[in-house]
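Heads up, the thing below is written out as structure tokens.
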């Protein structure tokens, strides 16, 4: 077994591009309008707290209160060296820990960042991954719940805490006008970056790509306000394909082993990045800043190879060279264990 990481001194400020906060139960319920109070509920099932959206219990997050969590770094060995002994996800997590205030509030998080040598961080919510896919048949409800969560994020974390923690409000896109309203609300409160799900956008007439011209007014505002668009790995709805192959129907369960899911883990990111150039938004907004987070970078190489084949056969389908546009315009946050040599040589 190789060597695990250890603390080293570096001669430059360290910016963590993928930090997470944990949301207590009130995060999605405190600011919900009365008409929507029942759409998000925390319920007791066999002595365990679960979250229910629109009456459907979700197991996506095993403990949605985050009172007990995996220790930071629990999967370092797994990510670096794999799982040669075939341990279960629970075994890989090891002994859990009681959550500490730094997981829920910015002031103690700053103290923890100082301890770890982190200068600044992009801070993503965690439960946000639940919302869009489980309420895809109710676009208006998605907007309402997302705004309620954003109200809590702003109250507790702020969107720019001491110019060191940049918490990302969630922006959902089903109704473009409401997405613009949410963006402007967040920008007025100091937001510098936003969280967008890398997936087709739910809608009243079915899903569609975020990169279609319908959404141009929103992306235009992002450019105007100089907002960084963070596309963080999420539940993008692709569990439906795994379920069809497995012969069952279940939601995405990231903490249970499923070989088909692991094989296709980065397919949603590949499709999202492909859509940026196939549906043209990246070309139409050359100053738009888009970053892919918690997906590493290994997905980039097969995507560019496939895109080169498509471009060779159908250049008329693009507004420019899609490979160059992706390489020059999409920011990626490589996983530590992947290195960056292959990216540099692209």
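Numbering (my numbering), first residue to last: 1378 to 1723.
Even for Gly, the Cβ is constructed at its ideal location relative to N, Cα and C.
Everything numeric in this text was worked out from a predicted model, so none of it was measured.
Exercise. Going by CA-CA distance only, name the one from 1536, 1650, 1532 and 1571 that's closest to residue 1577.
Key: 1650
Quiz item: Is the distance from the Cβ of residue 1702 to the Cβ of residue 1654 below 8 Å?
Solution: yes
Quiz item: So the alpha helix (DSSP H) residue 1619 belongs to, where does it begin and stop?
Solution: 1616–1623
Exercise. Spatial neighbours of residue 1728 within its chain, please: CB distance less than 6 Å, with the 5 preceding and 5 following residues excluded, ordered by chain position.
Key: As displayed, the chain neither begins before 1378 nor continues past 1723, which places residue 1728 out of reach and without an answer.
Quiz prompt | Boundaries (first-last residue) of the alpha helix (DSSP H) holding residue 1548 | solution = Segment: none, residue 1548 is in no alpha helix (DSSP H) and carries neither H nor E.
Quiz item: How about the region 1469–1489 and the region 1441–1453: do they share at least three Cβ pairs that are nearer than 8 Å?
Solution: yes
Quiz item: Which same chain residues, not among the five before or five after residue 1464, have their C-beta less than 6 Å away from its C-beta?
Solution: none
Quiz item: Quick one: Cα of residue 1378 to Cα of residue 1403, how far?
Solution: Low confidence applies here, because residue 1378 scores a pLDDT of 48, under 50, leaving its location unreliable and the question unanswered by this model.
Practice problem: Could you check if residue 1614 is buried or exposed, using at least 16 other CB atoms within 10 Å of its CB as the buried criterion? | Solution: buried
Quiz item: Grouping DSSP H, G and I as helix and E and B as strand, with all else coil, what is residue 1393?
Solution: strand
Exercise. Consult DSSP for residue 1513 and reduce its assignment to one of helix, strand or coil.
Key: coil
Self-check item: Span separating the alpha-carbon of residue 1704 from that of residue 1677
Solution: 9 Å
Quiz prompt | Near the ligand COA: residue 1449 beta-carbon under 7 Å from a heavy atom | solution = In the structure shown, the ligand COA is absent, as is every other ligand, since no ligand is present at all.
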